[in-house]
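Undergrad:
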Amino acid sequence: MMMMMMMMMEAMVATVSVPFPSILTVLTEDLLLRILDMLVDDSHRKSLRLVCKEFLRLESLNRRSLRVLRHDSLPRLLRRYQFLDLLDLSVCPCIDDATMTLLFGIPNPYSCLARWIKTLVLSRACALRSGGLEVVVKSLPCLQEIDLSYCRGFGDREASALSYAQGLKVLKLVKCLGITDFGLAKIVVGCVRLESLNLKWCLKITDLGIELLSKKCTALRILDLSYLKVTNKSLHSISSLWRLEVLHMVGCSSVDDNGLHFLSNGNPSLLSIDVSRCDNVSSRGLLSVIRGHKGLHQITAGYSFSELSKPLVYKLGELKNLKSIRVYAARVSDWSLGIIGNNCKQLVEIGLSKCTGMGLGRLGSCCLLLEELDLTDCMGVNDAGLEQLSGCLELLCLKLGLCTNISDKGLIHIGYKCTKLLELDLYRCKGIGDYGLAAIANGCRKLKKLNLCYCVEISDEGLKYISTLEELLDLEIRRLVKITSLGLTAIAVGCKSLAELDMKRCYSICDAGLWSLAHYSPNIRQINLSYCRISDVALCMAMGNMKCLQDAKLVHLTLVSVEGFELALRASCVRLKKLKLLSTLKFLLSAELLQMLQARGCKIRWMEKALVLS
20 MMMMMMMMME
30 AMVATVSVPF
40 PSILTVLTED
50 LLLRILDMLV
60 DDSHRKSLRL
70 VCKEFLRLES
80 LNRRSLRVLR
90 HDSLPRLLRR
100 YQFLDLLDLS
110 VCPCIDDATM
120 TLLFGIPNPY
130 SCLARWIKTL
140 VLSRACALRS
150 GGLEVVVKSL
160 PCLQEIDLSY
170 CRGFGDREAS
180 ALSYAQGLKV
190 LKLVKCLGIT
200 DFGLAKIVVG
210 CVRLESLNLK
220 WCLKITDLGI
230 ELLSKKCTAL
240 RILDLSYLKV
250 TNKSLHSISS
260 LWRLEVLHMV
270 GCSSVDDNGL
280 HFLSNGNPSL
290 LSIDVSRCDN
300 VSSRGLLSVI
310 RGHKGLHQIT
320 AGYSFSELSK
330 PLVYKLGELK
340 NLKSIRVYAA
350 RVSDWSLGII
360 GNNCKQLVEI
370 GLSKCTGMGL
380 GRLGSCCLLL
390 EELDLTDCMG
400 VNDAGLEQLS
410 GCLELLCLKL
420 GLCTNISDKG
430 LIHIGYKCTK
440 LLELDLYRCK
450 GIGDYGLAAI
460 ANGCRKLKKL
470 NLCYCVEISD
480 EGLKYISTLE
490 ELLDLEIRRL
500 VKITSLGLTA
510 IAVGCKSLAE
520 LDMKRCYSIC
530 DAGLWSLAHY
540 SPNIRQINLS
550 YCRISDVALC
560 MAMGNMKCLQ
570 DAKLVHLTLV
580 SVEGFELALR
590 ASCVRLKKLK
600 LLSTLKFLLS
610 AELLQMLQAR
620 GCKIRWMEKA
630 LVLS
C-alpha cells in the first residue's frame with residue numbers, strides 16, 4: 020500500500036502544472052507525513068511543497084533541519100518551520116549579537132518558535148560575541164550540540180557564555196584561537212554532560228585545561244586535541260576517561276611513546292586513535308596502545324614513522340574487530356599486508372598513501388569487505404596490482420592519484436568488477452586514456468566523484484563515456500589539454516546531477532562549452548574556470564544561469580574585460596559565498612559591487628599573479 024501511495028505522490032510531483040486532484044480526501048495527514056519521510060532528495064521535497072498550500076503546510080510540519088543563506092529571511096522561516104531539530108547559520112552573513120537578540124531574545128515572537136532546536140551551527144560567525152551567544156543558549160532549552168568552529172572572535176568571554184548550555188553534549192571549537200584554559204574551565208564546569216569536544220587548533224589550551232576537562236567531563240566519548248601544545252601530562256589525565264572511545268591528537272609534537280603508554284593502562288572503551296604527524300611517536304608507542312585495547316576499530320598513524328615493525332604488525336593481526344587502518348608514508352611489505360589481511364577480516368578501509376615496496380595481492384584475496392582504499396603516490400602499484408585488487412567487490416572509494424605505473428589495462432579490471440564504486444581519484448595518472456574511462460563508465464554506474472586532473476591522454480571521447488554517469492556530482496578535469504567544448508557539452512547534457520566542476524587550464528574549451536553548462540547544468544554549486552579562454556558574454560551567461568552557484572574561481576581569464584567581470588558578478592552576487600579573483604581586480608571593480616558582495620557574506624580571495632602558476 021505504501022508503495023502505491025509513493026507512486027501516486029511521485030506522479031503528482033512530476034506534474035505540478037496539472038490541477039490538484041482530490042487525493043487529500045483519500046489519504047490522511049498521518050499517511051502523507053509518512054510519505055514525506057521517504058522523500059530523502061531535497062529536490063523532490065521542494066517539488067512537493069510547490070504542488071499546493073496543503074503540501075507546503077505538511078512539509079513545514081515535517082521538516083527537521085534548515086540551512087539559511089540570508090539572515091533577513093530568518094523570522095519568516097522560523098515562523099514556517101516550528102519543529103526544527105537543526106538550524107544551520109554557517110553560510111548566513113551578518114550573524115552578530117543584534118541578530119541573535121532579535122531572533123532569540125525574550126520577549127519576542129520568535130524565541131518560542133525555536134524552542135525545539137537541538138543542534139545549532141554557527142561556524143564562521145566571526146561577528147558573534149558573548150552577549151549574543153548567551154541570549155541564544157539561554158533561549159534554547161533543548162540545545163545539545165553547537166558548532167562554533169572558525170569563529171575568529173571567540174575567546175574566554177564567549178566560552179563563559181557557553182557555560183549556560185547545561186544540557187550540551189557536543190561542542191566544536193575548531194580554530195577558536197582566543198580561548199585559553201580559563202575559558203575551557205568555564206565550559207567544563209557548566210557543561211558537565213559533554214560527550215564530544217573538538218579543540219583542534221585551539222593553540223592556547225595547555226595541560227592544565229585538559230586536566231580539569233578530564234576531571235569534570237567524565238562522560239566524554241570523543242575528544243580531538245589535534246595540533247595543541249599538550250604534553251604527556253595531558254595523556255596521563257585523559258587516561259582516566261573510562262568512557263572515551265575516540266581520541267584524535269594529530270600534530271601533537273610534544274607527545275611521545277611514554278605518553279601513549281599511559282593510554283595502554285586506561286580508557287578501556289577506546290575504539291579509535293589518530294597519532295598522525297606526531298613527530299616523537301614511534302611504532303613502539305602505538306604498540307603499547309594496542310596491547311591495552313584489543314577492541315580497537317580504527318588506527319591512524321600517517322607520517323609518524325617510516326615503517327611497520329614486525330612486533331607492531333603481529334599485534335595489528337590480533338585486532339579481530341579492526342575496520343580501518345591508515346599508515347601513510349610508512350613502508351609496508353607484502354608480508355605485512357598478508358598478516359593484517361589474513362587476520363583482520365572486518366577491514367573496510369586501508370590508507371597506504373606514499374607507501375613503497377608493497378603489492379596488492381593480499382588485499383584482493385583477503386580483505387573482501389574493503390570499502391575504501393587510498394594508494395595515492397604508491398610507487399609499487401601497477402596494472403597487475405589493480406587486477407588483483409579488483410577482487411575487492413565492495414570497494415566504494417579508490418584513490419590512485421600519482422600512481423604513474425597504471426594504465427587503461429589495469430583500470431578495465433576495476434571497472435569490470437568494482438561496480439559499487441562511488442569515488443575514484445586518478446590525479447596525474449598519465450597512462451590513463453579514453454578506453455579506461457569507457458570501462459569505468461560501463462561498470463561503475465553509481466560513481467559520484469571523479470578526479471581526472473592532469474590525465475593528459477584523455478580526449479573528448481573519454482568525456483562522452485563519462486557523460487553517461489547520471490549520478491556524477493563532482494568532476495575534476497584540470498589541464499586536460501585534448502578536450503574541447505564538444506566534450507564539455509556532452510558532460511553538461513548527460514551529467515544532470517553535476518554540482519562541482521574543476522576545469523582550470525582547459526585551454527581548448529571556448530564559449531560554446533560554457534554556454535552548454537549555462538543551459539544544461541543549472542545545479543552547479545562550485546566551478547573553477549581559471550585560465551579558460553572564455554569571453555565576457557559566456558561568463559555573464561554562465562554566472563547568471565547557474566542558480567545554485569556559491570563558489571567560483573575566476574583567476575586569469577585573459578579574454579574577460581573588467582566590465583565583463585562586473586556584469587557577471589552582479590548577475591550572481593545574491594548566491595555567491597566564495598570567490599577567487601586576481602588581486603588587480605580589487606582596484607578595478609566598482610566599490611559598490613565589492614561592498615554588495617561583502618554585505619551578502621561572500622568571501623573573496625585575492626590572488627597575486629606569482630601564486631596562480633600551478
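Numbering (the numbering used here), first residue to last: 20 to 633. Ideal Cβ placement from N, Cα and C applies to all residues, glycine included.
Taking contact to mean at least 3 C-beta pairs separated by less than 8 Å, is the segment 556 to 567 in contact with the segment 581 to 592?
TA: The segment 556 to 567, when compared against the segment 581 to 592, does touch it at the 8 Å Cβ threshold.
Undergrad: Determine the contact status of residue 573 and residue 549, defining contact as a CB-CB distance below 8 Å.
TA: Going by C-beta atoms, residue 573 is nearer than 8 Å to residue 549.
Undergrad: Report the partner residues of residue 315 according to the DSSP bridge assignment.
TA: Note: residue 315 sits in no beta bridge, so no partner.
Undergrad: Could you check which residue in 547, 537, 552, 414 has the C-alpha nearest to that of residue 566?
TA: Of the listed residues, the one whose Cα sits closest to residue 566 is 537.
Undergrad: Please classify residue 57: is it buried, with 16 or more other beta-carbons within 10 angstroms of its beta-carbon, or exposed?
TA: With fewer than 16 Cβ atoms within 10 Å of its Cβ, residue 57 is classed as exposed.
Undergrad: May I have the straight-line CA-CA distance separating residue 322 from residue 392, to the nearest angstrom?
TA: When rounded, the distance between both Cα atoms is 17 Å.
Undergrad: Going by beta carbon distance, what residues of the same chain come within less than 8 Å of residue 288, once the five residues before and after it are set aside?
TA: So the qualifying residues of the chain are 240, 261, 262, 263, 264.
Undergrad: Considering only residues of the segment 502 to 543, which uninterrupted beta strand (DSSP E) runs meet the minimum length of 3 residues and lie entirely inside it, listed in chain order?
TA: For the segment 502 to 543, whole beta strand (DSSP E) runs of length 3 or above, ordered along the chain, are 519 to 521.
Undergrad: Any idea what DSSP makes of residue 86, helix, strand or coil?
TA: Three-state DSSP puts residue 86 in a strand.
Undergrad: In the DSSP output, what is residue 164 paired with across the bridge?
TA: DSSP, once it has assigned bridges, lists 138, 189 as partnering residue 164.
Undergrad: Taking just the CA atoms, how far does residue 516 sit from residue 492?
TA: Rounded to the nearest angstrom, the two C-alpha atoms are 6 Å apart.
Undergrad: How far does the beta strand (DSSP E) with residue 268 in it reach, from first residue to last?
TA: Element bounds for residue 268: n/a, residue is neither H nor E.
Undergrad: Leaving out five residues before and five after residue 20 in sequence, what residues of the same chain have Cβ atoms less than 7 Å from its Cβ?
TA: The pLDDT assigned to residue 20 is 44, lower than 50, so where the model puts this residue is not dependable; a value taken from the coordinates is nonetheless given after this. None.
Undergrad: So residue 599 and residue 626 are supposed to be a Cβ contact under 8 Å. How far apart are they, rounded?
TA: With a Cβ gap of about 6 Å, residue 599 and residue 626 count as contacting.
Undergrad: What number of angstroms, rounded off, separates the C-alpha of residue 534 from the C-alpha of residue 500?
TA: Using only the alpha carbons, I get a separation of about 20 Å.
Undergrad: Could you pull the DSSP bridge partners for residue 572 from this structure?
TA: In DSSP, residue 572 forms a bridge with 547, 599.
Undergrad: Please say whether residue 202 and residue 175 have beta carbons closer to each other than 8 Å?
TA: Cβ atoms of residue 175 and residue 202: closer than 8 Å.
Undergrad: Taking the continuous beta strand (DSSP E) assigned at residue 495, which residues delimit it?
TA: Residues 493 to 495.
Undergrad: Considering only the beta carbon of each residue, do residue 116 and residue 172 sit closer than 8 Å?
TA: Not a contact, by the Cβ cut-off of 8 Å.
Undergrad: Would you kindly work out how many angstroms separate the C-alpha atoms of residue 611 and residue 622, rounded to a whole number?
TA: C-alpha separation (whole angstroms): 15 Å.
Undergrad: Can you check DSSP and say which residues form a bridge with residue 416?
TA: For residue 416, which the question treats as bridged, DSSP gives the partners 391, 442.
Undergrad: For residue 526, does the count of other Cβ atoms within 10 angstroms reach 16, so buried, or fall short, so exposed?
TA: It is exposed - the Cβ of residue 526 has fewer than 16 other Cβ atoms within 10 Å.
Undergrad: Quick one: what does DSSP say residue 115 is sitting in, helix, strand or coil?
TA: Coil, per DSSP.
Undergrad: State buried or exposed for residue 339, treating a residue as buried only when at least 16 other CB atoms are found within 10 Å of its CB.
TA: Flag for residue 339 reads exposed.
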